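Notes to accompany the following structure.
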Amino acid sequence: MPAAVRNSVQGEARQERDTVERHKEERRKEERHKVGAGIVMMCVGVACLSVNDAIAKHLIEVYSPLQILFLRNVIALPFALVITARVGGVQALRSSRPFPHLMRGFLWVVATILFFTSFAYLDLAEATALIFVAPLFITALSAAFLKEQVGWRRWFAVIAGFVGVLVVIRPGSTAFQLVSLLPVVVAFLYALLMLGARWVDPRESAWTMLLYMTGASALLSAFVVPFVWTAIRVEDFWFFAGVALFGTAGMTLMTQAFRFAPASIVAPFDYTGLLWATVLGWWFWHEVPDAWAVLGAAIIVASGIFILWRERGRS
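The sequence shown begins at 427 in this note's numbering and counts up one residue at a time.
What follows is the structure in structure tokens.
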């Protein structure tokens, strides 16, 4: 082969390799940008839900938790309809299996009522810390009912997490309140709600699931809310609108976060909610967690993050 031809072929090969490498680098940059966007969405979404909880804690001083939940869902439902139709099309508004959505809506109603009720008795940060045992319940229930393999390390993390719960609520001490168990019950119901998603048609998007859960909880709470209704003060209309706005924005952003980045990366940022709850509780109600609450919360968070890390390794 003449030298000129050989040099031309080699030059074309180098150019092709350079083009491939450039495209790979562009894809890597795009993936990094998407992951970064997912993390930001998760953090902002968690912040929105924390503000939602703070507003609910304010409203619970006057109104029933059921009334707060009902109005939040009624106000949020049109937004959920528009978002679902815009993202998934008209077909996303239909479900081939409505019953699992109804059951998840029921669990959501009960869990939210209990969680809002706990705000009347517990510091915002304490209630938030205790609800973070939900991943531990999911792990335990997956092993018990779905026959998933759970290694001894994750079982150790589950046990450690529940030790953290005991550290926070301190049963047997003068600081113990029976209502401290409410967020733990909420975490259990939330775990059932998450596992119940497996019975939903796998072809349905997260937006469809969010829409039906919002609609089902609004429908179910509508049957009972007339019996606990309190006339709304004019100055509180903005607070109810805020609960709907921040709640919908939080759930939307968190849903989008999982579309932009792997769950193993964005899920740990859910724990930033504990920081927000601490700041909001201190700012509005002068709540300062004691050393036991901080220690217990740290154990719970560490256990949850360890389980997420082990799940990432398995996947």
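Here a beta-carbon is modelled for each residue, glycine too, at the ideal position from N, C-alpha and C. Predicted model, so just to flag it, every value in this text is computed and none were measured.
- Message: Can you find the residues in the same chain that come closer than 7 Å, C-beta to C-beta, to V650, ignoring five residues on each side of it along the sequence?
- Response: L492
- When every heavy atom of the ligand ZN is checked, does at least one fall within less than 7 Å of the C-beta of L615? No copy of the ligand ZN occurs in the structure displayed, which carries no ligand at all.
- Message: Determine whether the beta carbon atoms of S729 and G577 lie at a separation below 8 Å.
- Response: no
- Task: Over the uninterrupted alpha helix (DSSP H) stretch that includes P491, give me the two end residues.
- Result: P491 to G514
- Task: Could you check what DSSP says for W718 in three-state terms: helix, strand or coil?
- Result: helix
- What span of residues does the alpha helix (DSSP H) with H527 cover, start to end? P524 to S544
- Message: Within 8 Å, do at least three Cβ pairs link the segment 621 to 628 to the segment 507 to 516?
- Response: no
- If you check the beta carbons only, do V669 and I481 fall under 8 Å apart? yes
- Message: Could you tell me the alpha carbon to alpha carbon distance between V461 and F653, rounded to whole angstroms?
- Response: 47 Å
- Query: Once you ignore the five residues that flank A771 on each side, which residues in its own chain have a CB closer than 7 Å to its CB?
  - Reply: This structure cannot speak to residue 771, because the chain is shown only from 427 to 741.
- Does the segment 557 to 571 come close enough to the segment 609 to 616 that 3 or more CB-CB pairs lie under 8 Å? yes
- Quick one, which of Y489, V536 and R458 has its alpha-carbon nearest F665's? Y489
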